[in-house]
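Student: Each number in the numbering used here comes from the position in the sequence shown (counting from 1) with 13 added on.
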Amino acid sequence: MIPCFDVKSRLRYWADSASYIPDLSTVVFLDTDLPFRTHGAQTGRLPDVGFSEADIESLLLQISSFDSNNWENSVGVGEREGRVFVNFIRRRHYGFTHGIGRSGDIAAIQPKASGSSLICRLTNQLLLDWLRKSGSPSTSACFLVPMATGMSLTLCLLAMKRRRPRRANFVLWSRIDQKSCFKCMLAAGLIPIPIELVTDTSNDQLCSNLDALEIALKNPAKYLLDHWPDAAQAYNVDDKSIENSTSDDIVLHAITKLCIKYGVSHLINNAYGVQSPRCMRMIESAGKLIIEHNLNTSNSSNQPVDLLYVQSTDKNLMVPVGGAVIGGFSTDLVDFVAKLYPGRASGSPTLDAFATLLYLGNKGWNDLIQRQSICFKRLHNGLKQLSEKFNLKLLDTSSNPISLALSLENLLPKTITIQKFGKNNMIEDNQKREIFRQLTQIGANLFTQGCSGVSSTSIRPYINAASSIGQNEYEIDVFIKKLDKILQYFQYYIINNYNIDLMNTVTTMTTIKDDDDDNDNDEIDQDNDVLSKESFKLNSRFI
Numbered sequence: 014m015i016p017c018f019d020v021k022s023r024l025r026y027w028a029d030s031a032s033y034i035p036d037l038s039t040v041v042f043l044d045t046d047l048p049f050r051t052h053g054a055q056t057g058r059l060p061d062v063g064f065s066e067a068d069i070e071s072l073l074l075q076i077s078s079f080d081s082n083n084w085e086n087s088v089g090v091g092e093r094e095g096r097v098f099v100n101f102i103r104r105r106h107y108g109f110t111h112g113i114g115r116s117g118d119i120a121a122i123q124p125k126a127s128g129s130s131l132i133c134r135l136t137n138q139l140l141l142d143w144l145r146k147s148g149s150p151s152t153s154a155c156f157l158v159p160m161a162t163g164m165s166l167t168l169c170l171l172a173m174k175r176r177r178p179r180r181a182n183f184v185l186w187s188r189i190d191q192k193s194c195f196k197c198m199l200a201a202g203l204i205p206i207p208i209e210l211v212t213d214t215s216n217d218q219l220c221s222n223l224d225a226l227e228i229a230l231k232n233p234a235k236y237l238l239d240h241w242p243d244a245a246q247a248y249n250v251d252d253k254s255i256e257n258s259t260s261d262d263i264v265l266h267a268i269t270k271l272c273i274k275y276g277v278s279h280l281i282n283n284a285y286g287v288q289s290p291r292c293m294r295m296i297e298s299a300g301k302l303i304i305e306h307n308l309n310t311s312n313s314s315n316q317p318v319d320l321l322y323v324q325s326t327d328k329n330l331m332v333p334v335g336g337a338v339i340g341g342f343s344t345d346l347v348d349f350v351a352k353l354y355p356g357r358a359s360g361s362p363t364l365d366a367f368a369t370l371l372y373l374g375n376k377g378w379n380d381l382i383q384r385q386s387i388c389f390k391r392l393h394n395g396l397k398q399l400s401e402k403f404n405l406k407l408l409d410t411s412s413n414p415i416s417l418a419l420s421l422e423n424l425l426p427k428t429i430t431i432q433k434f435g436k437n438n439m440i441e442d443n444q445k446r447e448i449f450r451q452l453t454q455i456g457a458n459l460f461t462q463g464c465s466g467v468s469s470t471s472i473r474p475y476i477n478a479a480s481s482i483g484q485n486e487y488e489i490d491v492f493i494k495k496l497d498k499i500l501q502y503f504q505y506y507i508i509n510n511y512n513i514d515l516m517n518t519v520t521t522m523t524t525i526k527d528d529d530d531d532n533d534n535d536e537i538d539q540d541n542d543v544l545s546k547e548s549f550k551l552n553s554r555f556i
């Protein structure tokens, strides 16, 4: 036990013995003027009730006073002494200027920065408790890395590659056309093998193609040649090793079983999934499979299967962009990833997450989750009403608790005549998609099958709307109201400016009028920039 009884002397002890930063389970704060006075904080858990901003600031200032750059009469003769030239920048960071980690390990303790090291350790333990209470209690370790989700995925891929016996070259990827997801594999020097999504037979959702995934697992090089010959020509396809499969939420359990069957590492992009109890429960289920498998193979020559999942701090904790939490079900694996990070790192994302977790506490976090669920239902009801008004379709994506999609297929007539260039051009349903210019490039790679916001297999235009954490009901109401007006103006503009002759239309035109009951000075009606007809100049995609 440390021979001191108040916060300041205890922190001074850590500063004098910089190699000693204890787990929170050994820390007992007895200064009742500071927020660390609850049993939860003493044991590395989120407090039941969040702390005030004043308490958090007081704690940060006291802890930062034990970094060497904040000592009174300090004399520094090293090349890096945590000096800050501009005072307001120093105040902005509460005096934490040394960052986190050391040259060989992002989680290592800094002799010159006991306070920064303590904040880093506290934050990682609070984040672990946060992940466990959000739905994945089997998570064994996690750490915050000061990079956004894309680069954090790259770090995980590099770590997983090094742990493979043959240094795998391929990544099996359930294809979604999102640049960060794709480029993180390229940055790791790996060869992506896109597995096209398929539409669920029972609803409108896209999900992973398990049959195609298993074929690719058996022979990734052959699958690449058969399905992506243009891309395969640029790679050495003789190496049959496999690195990893990123997955969607819908068939996560089944994909994990395939990874275990073929001995493949599994990386989950859980960017905004911590706010979804359903997503976290699915990760927990996958983690239990991995834990059970690794226990059964611990005494054999078979290599354990790695599983990591990555979540963004800005999407889940509402802090500035710049951090991600890497979690896993093996402490050795998570430590391996942390040690792979080169050099020290910025401590700003750690400080943001630490303060936010203390401010929220268990009650604050649970309140946010409940409010997100309420807003999602309100958004669903609002889009459902619009779909009925404009004869559109709200897509059935019941497994997605955050995002919704409204199909725009019937926004224009099924058969239209465009009199734009002096003659009639008939456009039938099966030709309508060809009007839209197809995007065929993601990053530096060309796709011959086209790409879109989600997948080239999508057969309808749609608008996406999400109800994420921190949203309130007022935002939903404003969005629905403005979208209603936009859809009306869109129909009005297309028909009146392009002389569209309606034939066999299923679209119901509505008269544009403002029947708001709000006052004239209502912010909702200050929408000149959004709703003016001038702003709806026809995009070249429609002609």
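Glycine included, C-beta positions come from ideal geometry on N, C-alpha and C.
Bear in mind the structure is a predicted one, so any value in this text is a computation, not a measurement.
Would you say the region 340 to 353 touches the region 143 to 157, given that touching needs at least three Cβ pairs under 8 angstroms?
Tutor: yes
Student: Does the region 323 to 332 come into contact with the region 271 to 290, if we say contact requires no fewer than three beta-carbon pairs (one atom in each stretch) closer than 8 angstroms?
Tutor: A contact exists between the region 323 to 332 and the region 271 to 290.
Student: For N83, I'd like the list of residues in its chain whose CB is within less than 7 angstroms of its CB, leaving aside the five on either flank, ordered along the chain.
Tutor: S77 and G108
Student: In the DSSP output, which residue or residues are listed as bridge partners for C220?
Tutor: V211
Student: Going by beta carbon distance, what residues of the same chain come within less than 7 angstroms of L496, once the five residues before and after it are set aside?
Tutor: Within the same chain, and ignoring the five residues on either side of L496 in sequence, the residues whose Cβ sits closer than 7 angstroms to its Cβ are L399.
Student: Is it true that the CB of I204 sits closer than 8 angstroms to the CB of V184?
Tutor: yes
Student: If you reduce the DSSP assignment to three classes, tell me which class Q324 lands in.
Tutor: strand
Student: So does E305 have its beta carbon nearer than 7 angstroms to some heavy atom of the ligand FAD?
Tutor: In terms of ligand content, the structure shown is empty, and the ligand FAD therefore cannot be addressed.
Student: Looking only at its chain, what residues have a beta carbon closer than 6 angstroms to the beta carbon of V90, apart from the 5 residues adjacent to it on each side?
Tutor: none
Student: Who are the Cβ neighbours of A126 in its own chain at under 6 angstroms, not counting the five residues just before and after it?
Tutor: D80 and H111
Student: Quick check for students: name the residue ranges of the alpha helix (DSSP H) that lie wholly in the region 105 to 156, counting only runs of 4 or more.
Tutor: 127 to 146
Student: Under the DSSP definition of a beta bridge, which residues are partnered with H240?
Tutor: Bridge partners of H240: none, in fact.
Student: Taking the C-alpha atoms as reference points, what is the distance between G276 and D319?
Tutor: 9 angstroms
Student: Roughly how many angstroms separate the alpha carbons of N443 and A358, rounded to a whole number?
Tutor: In this prediction, N443 scores a pLDDT of 47, lower than 50, which makes its location untrustworthy; the coordinate-derived value is nonetheless stated afterwards. Distance between the alpha carbons of N443 and A358: 53 angstroms.
Student: To the nearest angstrom, how far is it from the Cα of R58 to the Cα of K397?
Tutor: 41 angstroms
Student: For a quick check, are the C-beta atoms of L168 and Y354 less than 8 angstroms apart?
Tutor: yes
Student: Work out the CA separation of R176 and P233 for me, nearest whole Å.
Tutor: If I take the Cα positions, the gap works out to 19 angstroms.
Student: As a quick exercise: from F156, L370 and R93, pick the residue whose alpha carbon is nearest that of D61.
Tutor: Nearest neighbour of D61 by Cα position, chosen from F156, L370 and R93, turns out to be L370.
Student: Where does N375 fall in DSSP's three states?
Tutor: Annotated three-state conformation of N375 is helix, per DSSP.
Student: Would you kindly work out how many angstroms separate the C-alpha atoms of H393 and R134, rounded to a whole number?
Tutor: 41 angstroms
Student: Just to confirm, are C197 and L170 a CB contact at a threshold of 8 angstroms?
Tutor: yes
Student: Going by alpha carbons, who is nearest to V350 out of W143, K192, A120 and G63?
Tutor: A120
Student: Excluding five sequence neighbours on each side, which residues of the same chain lie with their C-beta closer than 6 angstroms to the C-beta of F389?
Tutor: By the criterion of a C-beta distance shorter than 6 angstroms, F389 is surrounded in its chain by S480, once the five residues flanking it on both sides are discounted.
Student: Can you tell me whether DSSP reads L47 as helix, strand or coil?
Tutor: Caution applies to L47, whose pLDDT of 46 falls short of 50 and renders its modelled position unreliable; the model cannot decide the point.
Student: Whose C-alpha, out of Q383, P362, I382 and N404, is nearest the C-alpha of A161?
Tutor: P362
Student: Identify whether N282 lies in helix, strand or coil by the three-state DSSP scheme.
Tutor: Strand.
Student: Give a yes or no on whether the minimum CB-CB distance between S412 and chain E is below 8 angstroms.
Tutor: Judged by its chain identifiers, the structure shown contains no chain E, having just a single protein chain.
Student: Under DSSP, the alpha helix (DSSP H) around S298 begins and ends at which residues?
Tutor: P290 to N309
Student: List the residues that DSSP assigns as beta-bridge partners of N423.
Tutor: Note: N423 sits in no beta bridge, so no partner.
Student: Along the chain, where does the beta strand (DSSP E) containing G341 start, and where does it finish?
Tutor: A337 to G341
Student: Run through DSSP, which three-state label would N477 get?
Tutor: strand
Student: Using a Cβ distance threshold of 8 angstroms, determine whether the region 477 to 492 contacts the region 377 to 388, with at least three qualifying pairs required.
Tutor: Yes, they touch.
Student: How big is the Cα-Cα spacing for I189 and L226?
Tutor: 15 angstroms
Student: Could you check where the alpha helix (DSSP H) with S77 kicks off and where it finishes?
Tutor: E66 to S77
Student: Does the Cβ-Cβ distance between L424 and Q504 come in under 8 angstroms?
Tutor: yes
Student: Report the residue from T310, L74, V97 and V264 whose alpha carbon sits nearest the alpha carbon of T212.
Tutor: V264
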